[in-house]
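Undergrad: The following block contains the structure, expressed as structure tokens.
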Amino acid sequence: MSGALARALLGRTAAVFGGMVAAITALVVLLKAAPGDAVDLVTTDPELRARLVADWGLDAPLHEAVLRALGGQWGTSWTLRPGAQVAELVGDALVQSLPLWLGAWLLTLVVGVGWAARRRAVRKWRLPALSAAPVFLLGWGLIVALNEGAFSAMGAGLLERPSWFSLPDTDSWLRNALAVGVLAVGSGGLRSFIDSVRSRLDVHRRSPAVEALVARGQPVDRLLAWLLVPDLAVLAAERGALLFGGLVVVERVFAMPGAGGLFWEACVRRDQPVVVASGVVAALGVAGLRWLADVARVVADPRLRGSA
Amino acid sequence: MRRDVWAWAVLLAALFARLLSAVGGYDIVADVDPGNAGASPAAGAWLGTDALGRDVAWRMVKATDAFVVPAVWAAVVSVGLGGALGTLGGWFGGSVERASGAVAGLPGAAPRFVLVLLLATIFAPTPGVLALGCGLAFVPQTAAEVGARLGAMRRTDFVEASLVHGVGVPRVLGEHLLWTGCRLLLARLGMRAAAFFVVVETTLAYLGELGVQEPLPSFGNMVASGLVDGRLHLVSRLAPAIALWLLLAALFHLDGVLARQDAQEAA
Amino acid sequence: MTPPVPPHPSSTMRPSTFASPRRLRALMAGSALFVATAAQAAPFRYVEDRAPAIVDPLFTTTMGEARLNELLFDGLFTDDRQLATVPSLAKGIQVSADRTSADVDLRSDVQWHDGKPFTSADVVFTIRAMKEPKTLSPEGARVSWIDSVEATGPHSVRLTFTGPQPSPADRLHFKILPAHLFSGTVVRRDDPFHTRPIGTGPYRFERFETDHSVKLSPATGGSRSSESITEVVMREVSDKSYQAKLILYESVEALVRVLPRDLAILQADRNVELYPYQTNSWWYVGFNQASSPWDEPEVREALSLLIDTRALLSPVGTGHPVSGPYVPSSPYYNHDVPVLTRDLGRAAELLEGAGYVREGGTWSRNGEPLTVRVLSPRGLESAQEVAINLQSMLQTVGVKVDNPRFVDEAEWKRRVWRERDFELVLSQWSFDRTEDIRQQFHSEGSRNFGSYSNPEVDRLLDEARDTLDPQAKKTALRQVHRLVSDDAPMVFLWTLDSYSAVRTSVRKVAIHPFYFFTWITDWVAGSG
Numbered sequence: 004m005s006g007a008l009a010r011a012l013l014g015r016t017a018a019v020f021g022g023m024v025a026a027i028t029a030l031v032v033l034l035k036a037a038p039g040d041a042v043d044l045v046t047t048d049p050e051l052r053a054r055l056v057a058d059w060g061l062d063a064p065l066h067e068a069v070l071r072a073l074g075g076q077w078g079t080s081w082t083l084r085p086g087a088q089v090a091e092l093v094g095d096a097l098v099q100s101l102p103l104w105l106g107a108w109l110l111t112l113v114v115g116v117g118w119a120a121r122r123r124a125v126r127k128w129r130l131p132a133l134s135a136a137p138v139f140l141l142g143w144g145l146i147v148a149l150n151e152g153a154f155s156a157m158g159a160g161l162l163e164r165p166s167w168f169s170l171p172d173t174d175s176w177l178r179n180a181l182a183v184g185v186l187a188v189g190s191g192g193l194r195s196f197i198d199s200v201r202s203r204l205d206v207h208r209r210s211p212a213v214e215a216l217v218a219r220g221q222p223v224d225r226l227l228a229w230l231l232v233p234d235l236a237v238l239a240a241e242r243g244a245l246l247f248g249g250l251v252v253v254e255r256v257f258a259m260p261g262a263g264g265l266f267w268e269a270c271v272r273r274d275q276p277v278v279v280a281s282g283v284v285a286a287l288g289v290a291g292l293r294w295l296a297d298v299a300r301v302v303a304d305p306r307l308r309g310s311a
Numbered sequence: 002m003r004r005d006v007w008a009w010a011v012l013l014a015a016l017f018a019r020l021l022s023a024v025g026g027y028d029i030v031a032d033v034d035p036g037n038a039g040a041s042p043a044a045g046a047w048l049g050t051d052a053l054g055r056d057v058a059w060r061m062v063k064a065t066d067a068f069v070v071p072a073v074w075a076a077v078v079s080v081g082l083g084g085a086l087g088t089l090g091g092w093f094g095g096s097v098e099r100a101s102g103a104v105a106g107l108p109g110a111a112p113r114f115v116l117v118l119l120l121a122t123i124f125a126p127t128p129g130v131l132a133l134g135c136g137l138a139f140v141p142q143t144a145a146e147v148g149a150r151l152g153a154m155r156r157t158d159f160v161e162a163s164l165v166h167g168v169g170v171p172r173v174l175g176e177h178l179l180w181t182g183c184r185l186l187l188a189r190l191g192m193r194a195a196a197f198f199v200v201v202e203t204t205l206a207y208l209g210e211l212g213v214q215e216p217l218p219s220f221g222n223m224v225a226s227g228l229v230d231g232r233l234h235l236v237s238r239l240a241p242a243i244a245l246w247l248l249l250a251a252l253f254h255l256d257g258v259l260a261r262q263d264a265q266e267a268a
Numbered sequence: 007m008t009p010p011v012p013p014h015p016s017s018t019m020r021p022s023t024f025a026s027p028r029r030l031r032a033l034m035a036g037s038a039l040f041v042a043t044a045a046q047a048a049p050f051r052y053v054e055d056r057a058p059a060i061v062d063p064l065f066t067t068t069m070g071e072a073r074l075n076e077l078l079f080d081g082l083f084t085d086d087r088q089l090a091t092v093p094s095l096a097k098g099i100q101v102s103a104d105r106t107s108a109d110v111d112l113r114s115d116v117q118w119h120d121g122k123p124f125t126s127a128d129v130v131f132t133i134r135a136m137k138e139p140k141t142l143s144p145e146g147a148r149v150s151w152i153d154s155v156e157a158t159g160p161h162s163v164r165l166t167f168t169g170p171q172p173s174p175a176d177r178l179h180f181k182i183l184p185a186h187l188f189s190g191t192v193v194r195r196d197d198p199f200h201t202r203p204i205g206t207g208p209y210r211f212e213r214f215e216t217d218h219s220v221k222l223s224p225a226t227g228g229s230r231s232s233e234s235i236t237e238v239v240m241r242e243v244s245d246k247s248y249q250a251k252l253i254l255y256e257s258v259e260a261l262v263r264v265l266p267r268d269l270a271i272l273q274a275d276r277n278v279e280l281y282p283y284q285t286n287s288w289w290y291v292g293f294n295q296a297s298s299p300w301d302e303p304e305v306r307e308a309l310s311l312l313i314d315t316r317a318l319l320s321p322v323g324t325g326h327p328v329s330g331p332y333v334p335s336s337p338y339y340n341h342d343v344p345v346l347t348r349d350l351g352r353a354a355e356l357l358e359g360a361g362y363v364r365e366g367g368t369w370s371r372n373g374e375p376l377t378v379r380v381l382s383p384r385g386l387e388s389a390q391e392v393a394i395n396l397q398s399m400l401q402t403v404g405v406k407v408d409n410p411r412f413v414d415e416a417e418w419k420r421r422v423w424r425e426r427d428f429e430l431v432l433s434q435w436s437f438d439r440t441e442d443i444r445q446q447f448h449s450e451g452s453r454n455f456g457s458y459s460n461p462e463v464d465r466l467l468d469e470a471r472d473t474l475d476p477q478a479k480k481t482a483l484r485q486v487h488r489l490v491s492d493d494a495p496m497v498f499l500w501t502l503d504s505y506s507a508v509r510t511s512v513r514k515v516a517i518h519p520f521y522f523f524t525w526i527t528d529w530v531a532g533s534g
């Protein structure tokens with residue numbers, strides 16, 4: 004590895020993970036400043052409150068709380084699943100969310116790049132219209148349409164009870180497929196990805212090198228693909244980070260276990276250790292994706308190595 | 002242009018509804034009429050009534066209160082803060098660019114929806130907090146894009162020439178670079194933050210009765226209650242959802258329109 | 007043996023073209039064994055809004071947790087179908103002549119779900135753990151009347167009370183825990199017991215599923231057993247509207263509580279049976295008497311008279327307006343105290359007497375409008391509808407009402423219970439079989455967040471607590487009803503009719519009004 008590349012990578016790593024540490028610190032500070040806490044969910048008796056506050060370390064100094072958060076010492080859940088190790092809860096939830104996230108991410112990349120790369124100016128309105136709907140609305144619409152349709156068909160004797168009925172209560176291939184699709188498409192995500200890829204492709208198509216090759220009648224697809232790699236790395240990382248947020252909604256709408264649903268429940272039930280742990284893991288995930296994107300960019304484009 | 006008319010019409014309709022809400026004299030409390038709950042669309046209530054007998058059409062007009070101004074605030078935060086940081090970084094470059102990038106990147110450490118949900122949980126899911134959260138969520142992207150564009154424009158000959166000829170930095174920066182070169186970009190990014198606010202408010206209302214609280218109407222609480230309440234007429238149930246969908250489709254479409262225009266101007 | 011009656015044709019099934027009487031009879035005869043077998047393998051699925059955070063009677067804070075505990079654990083005593091106390095883990099009780107102690111004989115034929123025998127050590131442990139301050143159990147008040155407990159044999163215990171008790175058995179319904187699974191009487195909330203609870207109830211805990219559902223299987227050796235329901239699954243479904251859909255879709259067998267708006271659609275389905283049950287719960291609008299002008303009895307009474315209770319109730323469901331702190335079916339309810347009806351004239355007199363004038367349609371005093379600020383818990387079903395209706399109702403009669411605020415559970419407990427930072431609240435009180443309102447209305451009550459104080463009410467509540475004469479207790483509490491109604495620390499609204507929905511595939515259903523599953527061992531599930 005050349006010195007410039009190594010320095011560039013080191014610089015990027017420091018920036019990305021430094022930002023992550025700063026964000027986690029900000030999260031812990033905000034949680035400390037929050038009015039109200041989980042103790043109220045358990046008891047309002049002053050003596051019991053005092054004991055719980057001590058038990059849960061709510062009166063610990065700020066720097067201690069930050070160090071514990073950064074060090075992964077998240078302890079046990081307070082209100083969500085008292086006694087359960089937070090690291091285990093979050094770890095199990097992540098494993099459950101991974102297929103959904105990965106599926107949606109890959110679907111976005113494949114469909115998004117394929118759609119954007121079509122030479123003809125595609126002005127179809129269906130995908131953009133579908134993608135404009137918020138994730139929860141798309142999910143709700145699909146679930147209600149399929150359930151009511153199947154129920155009516157069953158009532159008319161046209162259909163035996165399908166294995167996926169009823170959505171989203173039953174764990175089934177259809178539920179999982181719908182969740183992946185909705186996560187990938189909804190809230191403008193897919194549309195925005197397609198637009199971004201298309202605009203980057205347009206910029207590269209207008210570059211002098213590509214125009215020269217086109218003028219000479221040379222094929223440019225491979226060159227365009229290589230030129231797109233750094234941009235695609237960044238766009239894919241951004242899309243992956245956005246999908247983390249979408250998990251919260253999709254897992255709730257489709258009643259699927261996972262990190263998103265766990266985070267939502269932890270917020271609602273004021274389970275601070277789980278909120279902190281989920282926040283740390285999300286920040287780590289986002290930082291990791293950005294770091295990978297930066298590495299891909301720097302490796303693919305030597306011009307970027309000097310700007311680290 | 003003809004293809005874009007519908008989107009502009011939807012946006013104008015939303016703004017008109019906001020105006021109508023301010024001057025129309027609709028009283029959300031006086032409209033409660035449980036005896037008229039679930040009425041079908043009719044002359045007196047074009048979209049029917051809800052579970053408390055309130056006129057759905059008027060409530061949708063009033064719901065623009067809940068998102069027009071907060072969405073604008075989200076856009077202001079995103080464009081103001083992100084634009085300022087990006088401008089600093091793009092103009093000065095070097096360590097200033099790195100520092101402003103680091104500050105701007107802070108909100109980006111968490112996924113956008115997670116960031117807003119955290120703020121709503123820690124403080125309260127009020128429109129102000131949600132608007133702040135949505136605005137902050139777009140600061141990293143705004144700062145990065147404005148900074149990149151400004152940085153590229155900073156190194157152009159006409160900027161150097163203007164400075165050498167004594168044109169003040171504020172004028173070069175404000176008029177030539179930001180207004181001429183970045184206004185469409187800023188408009189797009191502001192629109193995205195605004196659209197994100199609408200999505201977040203409605204999503205939080207649907208998922209967990211967060212977002213704008215009754216009796217104040219919002220698309221969020223109207224969609225959340227209407228979709229699931231079988232007592233209402235179908236039109237009353239679906240109207241807020243369709244309006245929401247149209248609004249978001251319009252905002253996303255206009256984002257694309259502005260992006261194409263921006264690309265043309267840049268070329 | 008006659009074959010079981012075939013199931014009533016589902017409304018979702020099309021009549022078969024092959025259903026000639028001869029074929030049906032043959033089918034019935036041939037399928038008798040299959041049907042009988044199917045009846046023995048019958049899962050029972052029910053839904054809760056929220057999965058239990060903790061499965062341990064020591065730390066129960068929600069009704070969902072209490073219902074699950076009913077399936078896993080037993081108390082020394084329980085209720086029969088007439089809600090009279092009958093032995094469960096106990097065989098009998100002998101109360102001393104002065105009623106300050108009791109000897110309880112325990113069953114010797116009961117085993118915990120892990121096979122260990124149930125003994126007196128378990129009862130001693132449970133009571134001591136509940137009383138242990140370091141356990142931080144919110145259920146500690148249930149045993150505050152027990153001074154000490156000791157084992158007098160492997161299956162007998164002696165309880166000593168803090169004072170004479172008229173019916174100690176009525177207060178021994180709390181669930182018993184296995185001593186052998188704890189290392190001492192200090193039980194922490196994060197004790198590993200909660201990840202694998204062991205009880206003596208008719209069902210044993212199998213596992214928490216990844217979707218937050220809880221799976222239970224029939225237990226052997228417990229105090230009771232069910233031969234019909236072979237599996238119980240508690241599902242978490244936070245969307246209340248979807249809960250009704252699930253039972254229509256045959257995805258679950260029971261809903262604990264049906265929303266009023268779903269009653270009609272469930273009633274129309276022939277495969278769903280609605281079971282009404284009366285809970286000891288009533289709605290109210292509570293005043294913070296430490297806050298002006300709600301410290302003035304005339305103003306409180308005036309506001310009570312401005313509210314049309316029946317008009318508020320009708321959009322929400324069916325029920326019975328109440329005039330005091332008990333439900334009409336309670337023995338302590340004073341039927342001589344009339345339910346308040348709207349009286350605008352009398353309300354106006356009271357407000358004028360308090361110095362208010364009606365200017366421009368609004369009541370005001372010294373230039374300040376009479377303003378109502380209502381707080382309500384977000385999770386209370388129909389509270390939004392009631393609060394918004396109330397706002398509209400009061401504004402039409404000249405009272406300014408700020409937009410009601412709906413807060414989550416933590417904020418509710420902080421603002422109302424702890425900091426008393428509110429003016430009016432709209433909420434509901436629920437009571438168990440003891441209907442003990444002392445904490446709400448005694449001046450020293452821990453839940454008297456409205457700062458209500460009446461020395462005579464205090465005296466009567468103390469008398470009711472200490473008397474051994476059930477009739478004297480009834481008289482005292484009925485007088486409390488009258489006094490509280492007159493003082494109007496709250497506007498008593500109504501008790502709602504509650505309905506649960508159970509699919510017709512489950513028969514002989516009897517529902518306990520508080521714990522729901524108390525008599526589940528008598529239910530019969532399956533298509534037989």
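Protein chains in written order, with the working numbering: chain A, 4 to 311; chain B, 2 to 268; chain C, 7 to 534. Ideal placement from N, C-alpha and C gives every residue a C-beta, glycine not left out. None of these values were measured; they are calculated from a predicted model.
Which residues, in chain order, does the region 50-77 of chain B contribute to contact with chain C at a C-beta distance below 8 Å?
TA: Hits within the stretch, in order: A52 and L53.
Undergrad: Restricting to runs no shorter than 3 residues, where is the beta strand (DSSP E) found entirely within the region 395-439 of chain C?
TA: You should have 411-413 and 430-437.
Undergrad: Return the chain-ordered ranges of every beta strand (DSSP E) run that is complete within the region 133-201 of chain C and spans a minimum of 3 residues.
TA: Taking only runs of at least 3 residues, the beta strand (DSSP E) segments lying wholly in the region 133-201 of chain C are 152-159 and 162-167.
Undergrad: Give the DSSP-derived three-state secondary structure of S219 (chain C) in the structure shown.
TA: S219 (chain C): coil per DSSP, three-state reduction.
Undergrad: Does the beta-carbon of S511 (chain C) have 16 or more other beta-carbons within 10 angstroms, so that it is buried, or is it exposed?
TA: Buried: at least 16 other Cβ atoms inside 10 Å.
Undergrad: DSSP state of V333 (chain C), grouped into three classes?
TA: Three-state DSSP puts V333 (chain C) in coil, outside helix and strand.
Undergrad: Which residues does DSSP pair with F522 (chain C) in a beta bridge?
TA: DSSP lists C:H518 as partners of F522 (chain C).
Undergrad: Cβ of R384 (chain C) less than 9 Å from any chain B Cβ?
TA: So yes, R384 (chain C) belongs to the interface.
Undergrad: Less than 9 Å between CB atoms is the rule here; does F139 (chain A) satisfy it with respect to chain C?
TA: It does not: the Cβ of F139 (chain A) has no partner Cβ on chain C nearer than 9 Å.
Undergrad: Reducing DSSP to helix, strand and coil, say where S114 (chain C) ends up.
TA: Here S114 (chain C) sits in coil by DSSP.
Undergrad: Here's the rule: buried if 16 or more other CB atoms are within 10 angstroms of the residue's CB, otherwise exposed. What is Y458 (chain C)?
TA: With 16 or more Cβ atoms within 10 Å of its Cβ, Y458 (chain C) is classed as buried.
Undergrad: Between the region 222-231 of chain A and the region 95-114 of chain A, do three or more beta carbon pairs fall short of 8 Å?
TA: The region 222-231 of chain A vs the region 95-114 of chain A: no contact.
Undergrad: For I123 (chain B), tell me which candidate among A:V284, A:D274, A:L292 and A:G291 has the shortest Cα-Cα distance.
TA: It is A:D274 whose Cα lies nearest to the Cα of I123 (chain B).
Undergrad: Would you list the residues sitting across from F293 (chain C) in a DSSP beta bridge?
TA: Its beta-bridge partners are C:L430.
Undergrad: State yes or no: is the C-beta of A156 (chain A) within less than 9 Å of the C-beta of P260 (chain A)?
TA: For A156 (chain A) and P260 (chain A), no; Cβs fall outside 9 Å.
Undergrad: Name the residues in the region 425-459 of chain C whose C-beta lies less than 8 Å from a C-beta of chain A; which are they?
TA: Residues passing the 8 Å Cβ filter: S452.
Undergrad: Starting from H207 (chain A), trace the alpha helix (DSSP H) in both directions and tell me its first and last residue.
TA: G192 to R208 is the extent of the alpha helix (DSSP H) around H207 (chain A).
Undergrad: According to DSSP, simplified to helix, strand and coil, what is V508 (chain C)?
TA: If DSSP states are grouped into helix, strand and coil, V508 (chain C) belongs with the strands.
Undergrad: Suppose contacts are defined by Cβ-Cβ distances below 9 Å. Is V200 (chain A) in contact with G115 (chain A) by that definition?
TA: Yes, they are a contact pair.
Undergrad: Using the Cα positions of G90 (chain B) and A7 (chain A), report the straight-line distance between them to the nearest angstrom.
TA: Cα-Cα distance, rounded: 23 Å.
Undergrad: Can the beta-carbon of T206 (chain C) be found closer than 9 Å to that of S234 (chain C)?
TA: The answer is no: Cβ separation not under 9 Å.
Undergrad: Hey, does F253 (chain B) have any beta-carbon neighbour from chain A nearer than 9 Å?
TA: Chain A contact via Cβ: present.
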